[in-house]
Structure formats: C-alpha cells, structure tokens
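The opening residue of the sequence shown carries number -17 in the working numbering; numbering runs sequentially from there.
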Amino acid sequence: MNKTFVIILIFFLILIGCNRKQHKVDKIQKAKIEIYLPKERIVSKDGSELLNDWNFRKELKKDSSSILLNDYHLKYARYDSITHNIIYAGSFSATENDLPSTPFIYDNEILGFDFETSEIIISASGVEKLWSLQPNMNFSRQFILTADRKPILTGYFYSIYSSSYVKHFYIVYNSGYEGVEKPEFKDENFKIEYNPESEFNWELEKYDFKKIDEFYDAFEKSGKIAK
C-alpha cells in the first residue's frame, strides 16, 4: 500500500512539474510584438548637428540658396562631414519612455518574420494603417518594434514617394494620398532593409537579423518565425 502511495505521489509531482513548465512556456509565448510610432521624433546620433559643423557652415555660406532650412531641419537633420551629405533619417535608439500608450500596429497584426528573406509579415488591417500613414518625404517616419514594450529594433517607414535616403533600418511602403481610392488590402510581406551609408545605396546586402539576439528570441518565443 505504501509502495503504491509513493508511486502515485511521484506521478502527481511529475504532473505538477510538467504543468508548471508548460505554463511558463505559454507565458513566454504570449509576449506581444508590436510596432509603435514614437511620441515625438528621436534625434539621430549620426554625423553632427548642422550648424555646429564647420564644413556645413562653409557649404551654407558658399551657396545658401540650394539648402532649405527650417527649425525642423536644424533640430533633426545631421551632417556627414566625410560625404558632405545631410542625413535626414539616421540611426537612432529608443526606450520605453519614447512609446505612446497604444501601438501603431498591434501584435495580432504582425503575423511573422521570415529570417531567410528579412521580411516582416503584416496583416491586411496593418497594411491599411501603413497605406494611411502620412509620409515625411525627407525625414521618413520613425518606428519602434517592441517585445512586451521593450524596443528590439528601430527604423523608418520609407514612402515610395520619398526622395531622400535612410541611413538605418527601413521598410518601404506605399502611402495613399488625397483623391486616390483605397485598394483592397491583404496580408503583405515587407522587407526590412539596412543601409549603413550616408548616401543612396542601390545594392544593399541582406541583413542577418539573427545577429540581433533580442529580435530573434522575441519572434521565436512568440511562435512567429515564418517557415
């Protein structure tokens, strides 16, 4: 009788341990992957501030008519003294303090990520939000991709109508404009490109997102790695 009781007790303890382990896995898999638009634009650390750069001031003095400046440019644009290019959309980092209360694209609208093609898969409702996102032709629109509101990647939504380059991660999207009828939206794959240069680069190499541990872990634990 005692032997039977011990066997039952051991089985019961194993069952509890398995349930706890499964609960822990389920809890990890419920981590939310979301995309936010920052509360306000984040200043890039690339290059230098425009008017603090001696080379830029020299260029400005030489031909100020070719350079359009306003307060927004002075605050957010940067200058690359090597290429003599203005950096409108440079690399930046973000913290949870930069996030608004609600995401731009919700967890259920991010269907997965294909690490072979570097493509993020967004649902039809998410694609519609992108289509409705007002572009910023020079500076592009910053985004912050998060796991449970912890930033794991920053980048830009880059409109197909934009004429300036991005020196960071970016997603090219088709933005609508007034007078154009909304198309029928469907799930869509968007490639996340990476340009480390302060100029247009038409031959970008595919970025290995597996190198970003937090990024890979988030999609793995949420079960959103595309097969």
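Just so you know, even glycine gets a beta-carbon here, dropped at the ideal spot from N, CA and C. Remember, it's a predicted structure, so these values are computed and weren't measured experimentally.
- Message: Tell me the rounded alpha-carbon separation between L135 and K164.
- Response: 30 angstroms
- Query: By a C-beta neighbour count over all protein chains shown, 10 Å radius and 16 as the cutoff for buried, is S180 buried or exposed?
  - Reply: buried
- Query: K132 lies in the alpha helix (DSSP H); which residues open and close that run?
  - Reply: Membership of K132 in any alpha helix (DSSP H) is not indicated; the residue belongs instead to the beta strand (DSSP E) covering 132 to 141.
- Can you give me the start and stop residues for the beta strand (DSSP E) that A129 sits inside? Per DSSP, A129 belongs to the beta strand (DSSP E) from 123 to 129.
- Could you check the C-alpha separation between V25 and H150 for me, to the nearest Å? 13 angstroms
- Query: What does G108 pair with, by DSSP beta-bridge criteria?
  - Reply: None; G108 has no bridge partner.
- For N52, which three-state DSSP category applies? coil
- Just confirm the distance between the C-beta atoms of L186 and E175, as a whole number of angstroms; I'd bet it's less than 8 angstroms. 5 angstroms
- Query: Count the other CB atoms within 10 Å of the CB of G29; is the residue buried (16 or more) or exposed (fewer)?
  - Reply: buried
- Message: So R23 and Y58 are supposed to be a Cβ contact under 8 angstroms. How far apart are they, rounded?
- Response: Confirmed, about 6 angstroms.
- Got a sec, what are the start and stop residues for the alpha helix (DSSP H) E202 sits in? 195 to 203
- Which residues in the same chain as F121 place their Cβ atom closer than 6 angstroms to its Cβ, once the five residues preceding and following it in sequence are excluded? Y70, A71
- Query: If you follow the beta strand (DSSP E) that N79 is part of, which residue opens it and which one closes it?
  - Reply: That residue, N79, is in no beta strand (DSSP E); it is neither H nor E in DSSP.
- Does DSSP put F191 in a helix, a strand or coil? The three-state secondary structure of F191, taken from DSSP, is helix.
- For D199, which residues of its own chain have a beta-carbon under 6 angstroms away from its beta-carbon, when the five flanking residues on both sides are left out? Excluding the 5 residues flanking it on each side, D199 has no same chain C-beta neighbour closer than 6 angstroms.
- 8 angstroms contact criterion, which W113 and S157 should meet: CB distance rounded: 6 angstroms
- Message: Using the three-state DSSP reduction, which class does N90 fall into: helix, strand or coil?
- Response: Correct three-state label for N90: helix.
- Query: Once you ignore the five residues that flank A129 on each side, which residues in its own chain have a CB closer than 6 angstroms to its CB?
  - Reply: A13, I15, A200
- Task: With DSSP collapsed to three states, give me the class of S30.
- Result: strand
- Message: For A208 and K168, which I take to be in contact (beta-carbon distance under 8 angstroms), what is that distance rounded to the nearest angstrom?
- Response: Not a contact, Cβ separation roughly 16 angstroms.
- Message: Tell me which residues share the same chain as K173 and place their Cβ nearer than 6 angstroms to its Cβ, disregarding the 5 neighbours each side in the sequence.
- Response: S100, E101
- Burial state of S83 (16 or more Cβ within 10 Å): exposed
- Query: Helix, strand or coil: how does DSSP classify K209 here?
  - Reply: The answer is coil: DSSP assigns K209 none of H, G, I, E or B.
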